[in-house]
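In the numbering used here, the protein residues as written are 1 to 212.
Here it is in structure tokens:
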């Protein structure tokens, strides 16, 4: 009889999380491209994602944001599934689910994009939270990612450096350029999420005998 205290991988569960991550990450890029084409007068370089997530065609960007939130949730669940008792994995799990929540709030509250400033305007605070949480996620995976795939520390360090340099600059840019810069930051998060999904695939394949 198997030891009840032994942790087994659930291959079907892992595959589901990987597919959710991949589809949500690709959907974020696709939704932004489609929205930029469909929304009349949208400037891909000057206008931000918030501009696409508000107004007549907001559903396009909103759905892609919710899809990426699903990706982050799936990655958080993967962290919980692979948790080895180290505090950093707990922090990574919580940080990813908080990121998913922040992305949902960005999509749900149409602030700035349509000039909405009634009530409590939380957009800028959520943006600050996104910046800090993504930096934390990249750092934590840089320290712990070698456990699931050899390339994850290097990928995460690279994303952390790019994010650490690029995110502060975003707030200093003139509005004529901040849309393009913001999309560049978004690409960093998508590349990292897809890298993590690939790492999960490799880890599951390498430990296929430890499943039930």
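Glycine is no exception: its CB is placed at the ideal position from the N, C-alpha and C atoms.
- Here the alpha carbons of residue 14 and residue 63 stand approximately 24 Å from one another.
- Less than 8 Å separates the beta-carbon of residue 142 from that of residue 157.
- Per the Cβ contact rule, the segment 136–151 is not in contact with the segment 103–110 (fewer than 3 Cβ pairs under 8 Å).
- Within a 10 Å sphere around the beta-carbon of residue 134 sit 16 or more other beta-carbons, which makes this residue buried.
- Proximity to residue 32 across 60, 192, 73, 98 peaks at 60, based on C-alpha coordinates.
- Short of 7 Å from the beta carbon of residue 207, and not among the five residues preceding or following it, lie these beta carbons of its own chain, in chain order: 9.
- Short of 6 Å from the beta carbon of residue 155, and not among the five residues preceding or following it, lie these beta carbons of its own chain, in chain order: 195.
- When only Cα atoms are considered, residue 19 and residue 81 end up about 16 Å apart.
- Exclusion of the five residues before and after residue 188 leaves 159, 162, 163 as the residues of its chain whose Cβ lies within less than 6 Å of its Cβ.
- Residue 172 sits in coil when the DSSP states are folded into three classes, being neither helix nor strand.
- Between the alpha carbons of residue 65 and residue 84 lies a gap of roughly 30 Å.
- The alpha-carbon of residue 96 is positioned some 12 Å away from that of residue 88.
- Taken through DSSP and simplified to helix, strand or coil, residue 181 comes out as helix.
- Between residue 67 and residue 24 the beta-carbon gap is near 4 Å, inside 8 Å, which marks them as a contact.
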